[in-house]
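Colleague:
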Amino acid sequence: QLQPVESGGGLVQPGGSLRLSCEVSGSIFSINAMRWYRQAPGKEREWVANIINGGPKIYADSVKGRFTISRDNAKNTVYLQMNSLTPEDTAVYYCNAAKGGFEYWGQGTQVTVSA
C-alpha cells in the first residue's frame with residue numbers, strides 16, 4: 101500500500117510561484133503513474149498533470165506552459181512546479197498514485213493565490 105503526502109502549499113501573490121511536493125511511502129519506481137489533481141471551493145476535483153513511468157508528461161490545458169511535473173525516484177517524490185499563478189489556481193491540490201489497478205490519494209495541500 102502506498103501513502104502519498106503532499107506539502108508546499110501556501111499563500112502566494114498573482115504571478116508568483118510555488119513548488120508542491122508529494123512524497124510517497126514505498127518505492128515510486130514501479131508506480132504506473134503519478135498525477136496531480138486540484139479542487140477549488142464549490143467545484144469538482146479536476147485533473148492537472150500526469151507523469152507516467154517511462155512515458156510522457158501530460159498537462160491540462162489550463163496549466164500547460166505554466167506548471168511542470170517531475171519526479172525524483174531516489175527521494176520517492178513527485179513535484180509540481182507552478183509558475184505565473186492566478187487566482188483561478190486557488191484550490192486544494194492532491195497527489196494521486198496509480199499502481200496495480202489501485203489508486204492512492206494524499207490528504208491535499210492548500211494553494212491560495214491572492215493579492
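Number 146 in this note's numbering belongs to position 46 of the sequence shown; there are no gaps in the numbering. Cβ coordinates follow ideal geometry from the N, Cα and C atoms, glycine included.
1. Could you check the C-alpha separation between G200 and A215 for me, to the nearest Å?
2. With DSSP as the reference, label E144 as helix, strand or coil.
3. Measure from the alpha carbon of M134 to the alpha carbon of each residue in S127, P104, I151, then state which is nearest.
4. Identify whether D189 lies in helix, strand or coil by the three-state DSSP scheme.
5. Between which two residues does the beta strand (DSSP E) containing D102 stretch?
6. Using 8 Å as the cut-off, can you tell me whether the region 121–130 makes contact with the region 182–191, which would need three or more C-beta pairs spanning the two stretches below that distance?
7. Among the residues of its own chain, which have a CB less than 8 Å from the CB of P114, if the five just before and after it don't count?
8. Would you decide whether A174 is buried or exposed? Buried here means 16 or more other CB atoms lie within 10 Å of its CB.
9. Look at C195 and W136 and say whether their C-beta atoms are less than 8 Å apart.
10. Indicate whether A197 and L120 have their beta-carbon atoms separated by less than 8 Å.
11. Please state whether the Cβ-Cβ distance between Q207 and E144 is less than 8 Å.
Modeller: Let me lay it out:
1. 43 Å
2. coil
3. I151
4. helix
5. According to the sequence as given, residue 102 is Leu; it is not Asp. No beta strand (DSSP E) contains L102, which DSSP labels as neither H nor E.
6. no
7. L185, T186, P187, V213, S214, A215
8. exposed
9. yes
10. no
11. no
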